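The structure under discussion appears below in the form of structure tokens.
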Amino acid sequence: MKVSIYTLGCKVNQYETAALEAELRRRGHELVPFEEAADAYIINTCTVTAVSDKKSRHTIRQARKRSPNGVVAVCGCYAQTAPEAVAALGVDLVAGTAGRLAFLDDLEELFRRRQETPVVTVDNIMAHRTFEPLSGGGLEGRTRAMLKVEDGCVNFCTYCIIPYARGPVRSLSIDDARRELARLLAEGYREIVLTGIEISSWGHDLKQGETLIDLLEGLCRDLPPQVRLRLGSLEPRTITPEFCRRAAALPNLCPHFHLSMQSGCDTVLKRMNRKYDTQRYWESVVLLREFFPNPAITTDLIVGFPGETEEEFQTTLDFVERCAFSAMHIFPYSRRTGTPAAQMAEQVPNAVKEERAHRAAALAQRLEQAYLDCWVGSTLPVLIEEEKDGLWRGHAPNYVEVLAAGEQLHNVEREVEITARRGTSLLGVIH
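Each residue of the sequence shown is one higher than the one before, counting from 57 in this note's numbering.
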């Protein structure tokens, strides 16, 4: 059958979609673009915000309208948390965030034998205790690939619905991760990005008492020098002297650390139910800069969280300036039904949230430009990915985008002398 898949949300969803695509091809099915006619449409949904739910519903309706007689199958986080609402949209199959191969079995069965009532296979995600191995695919041609090593989260931040959509922490074993890594390397990928819902918790469910640094050492063992390993988002608790000492000894590990922050004010962090304060966060920043030469430290920031005063917001801006992030993702707080924060008093008006997001973005831009400018005159190893506007585009280990002239450079690493900054990219000359 002809199958089309549409993905909403995070890199974990992207990884899982790639795994579904690979399995569908293995089973002999044809993948077609979402805009084309198909026998079956799969929508992999997101529920991180109310806007995500709305986008998921819109995409489901598009698929139903595009193929009135086709099979519409929905999986992912929104389907996990609101299966009845999804089924009411005229969907044929509703699955959650687990049992992806069984989901495809059900899809094939429905294609062979249609039925009037929707099939809903969503179960209690909180009861899942075993990681479901999936073989994903790559990003940007055959240069970068993701490796999902963890699922689930038990942090229960007051603004976040994801623990209810993904369930408890489940970890891919080191041996299984090494086998998947070997498969990706055999396919020609030069950079592997470790991803998961909350990879800082990797190993918490394993009997051996292993932690994330054990996984990194296991993956880097015997790894060819031309292959990079990049980390996904980390919690500040991960960054300890032992972690940094052992991580700094791994030549394949990229010095790029996305250190989740959300707020730079202790009173706001407490209302968010984050498990650290600004002092602990600052310790992590200092440790990373002590063990790694000029690392890229990036972060996320939520502005306008319920009850956030102008004074608290200014405290956050001051802390952001102190940390001197190389890049930031900034989000106005989005009220998410089903979370404690949605019921908090003193919801910040949208206009105030937007104004604060604008001010934070201006500061983030200035800090990013300063970080990029410091590399002008230096030479960086750049993994070239694709041609872009007449120049070849790639990323240095610190994930800075570098542009340089050349020919036939896809998926090769070159030393590039940085000559200037252009916007959020660096320009250089290949040696």
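We treat Cβ as the ideally placed atom computed from N, Cα and C, and that holds for glycine. Small disclaimer: the values here were computed from a predicted structure and weren't measured.
Is the Cβ-Cβ distance between residue i and residue j less than 8 angstroms?
i	j	result
GLU473	HIS487	yes
GLY320	VAL376	yes
ILE181	ALA221	yes
LEU436	VAL458	yes
GLU254	CYS209	yes
TYR215	ARG412	no
LEU439	ARG284	yes
LEU262	SER227	yes
ARG327	PHE361	yes
LEU482	LEU428	yes
HIS120	GLY146	A quick correction: the sequence has Arg, not His, at residue 120. Closer than 8 angstroms, so yes.
LEU190	LEU166	no
LYS67	GLY288	yes
HIS184	PRO224	yes
VAL42	LYS111	Because the chain is modelled from 57 through 487, residue 42 falls outside the range shown and cannot be assessed.
ALA135	VAL128	no
Closest by CA to residue i, which one among the options?
i	options	result
ILE218	GLU165, ASP109, LEU306, SER123	ASP109
THR371	VAL324, ALA144, VAL408	VAL324
CYS379	GLY146, CYS300, GLU411, ALA420	ALA420
CYS133	THR105, VAL205, PRO189	THR105
ARG200	ALA452, ALA135, MET57	ALA452
GLN318	PRO297, PHE387, TRP338, CYS310	PHE387
LEU272	ALA233, TYR389, GLU339	ALA233
TYR97	THR475, THR354, VAL130	VAL130
PRO311	GLU72, ASP270, GLY446, PHE348	PHE348
THR153	THR186, ARG168, ARG169	THR186
GLY84	ASN308, ARG117, ALA417, GLU164	GLU164
THR296	ASP95, ARG330, ARG277, ARG336	ARG336
Would residue i be called buried (16 or more neighbouring beta carbons within 10 Å of its own) or exposed?
i	result
PRO174	buried
SER434	exposed
ARG235	exposed
GLY479	exposed
VAL342	exposed
THR73	buried
Can you tell me where the beta strand (DSSP E) with residue i in it begins and where it stops?
i	result
ARG470	469 to 478
PRO437	435 to 444
GLU247	247 to 252
THR63	58 to 63
PHE313	312 to 314
ARG200	200 to 207
CYS131	127 to 132
VAL458	457 to 460
THR354	352 to 359
SER481	481 to 486
ARG284	284 to 287
What first and last residue would you give for the alpha helix (DSSP H) that runs through residue i?
i	result
SER112	106 to 122
LYS326	322 to 328
VAL142	139 to 143
ILE99	No alpha helix (DSSP H) contains ILE99, which is instead part of the beta strand (DSSP E) from 96 to 101.
LEU157	156 to 168
ARG391	That residue, ARG391, is in no alpha helix (DSSP H); it is neither H nor E in DSSP.
LEU423	406 to 429
GLY363	From DSSP, GLY363 is part of no alpha helix (DSSP H); its letter is neither H nor E.
TRP448	TRP448 -> not in any alpha helix (DSSP H); beta strand (DSSP E) instead, spanning 447 to 451.
Whose C-beta lies closer than 8 angstroms to the C-beta of residue i among residues of the same chain, with five residues either side of it excluded?
i	result
THR137	THR103, ILE217, TYR220, ALA221, GLY394
ASN467	GLY197, ARG198, THR199, GLY244, ARG246, LEU439, ILE440, GLU441
ALA352	PRO311, HIS312, PHE313, SER382, ALA383, TYR427, ASN454, TYR455, VAL456
GLU471	THR435, LEU436, PRO437, VAL438, ILE486, HIS487
ILE269	GLU298, PHE299, ARG302, ALA303
SER316	SER289, LEU290, GLU291, PRO292, THR355, ASP356
Suppose the cutoff is 6 angstroms on Cβ atoms and the five residues either side in sequence are ignored; what does the same chain contact list for residue i look like?
i	result
GLY462	TRP448, ILE486
SER256	LEU290, GLU291, THR294
LEU339	Strictly speaking, residue 339 in this sequence is Glu, with Leu absent from that position. Here the set comprises nothing.
PRO396	THR214
Please return the same chain residues whose Cβ sits closer than 7 angstroms to the Cβ of residue i, not counting the five positions on each side in sequence.
i	result
ASN69	THR63, ASN100, CYS102, GLY132
GLN171	none
ALA398	ARG391, ARG392
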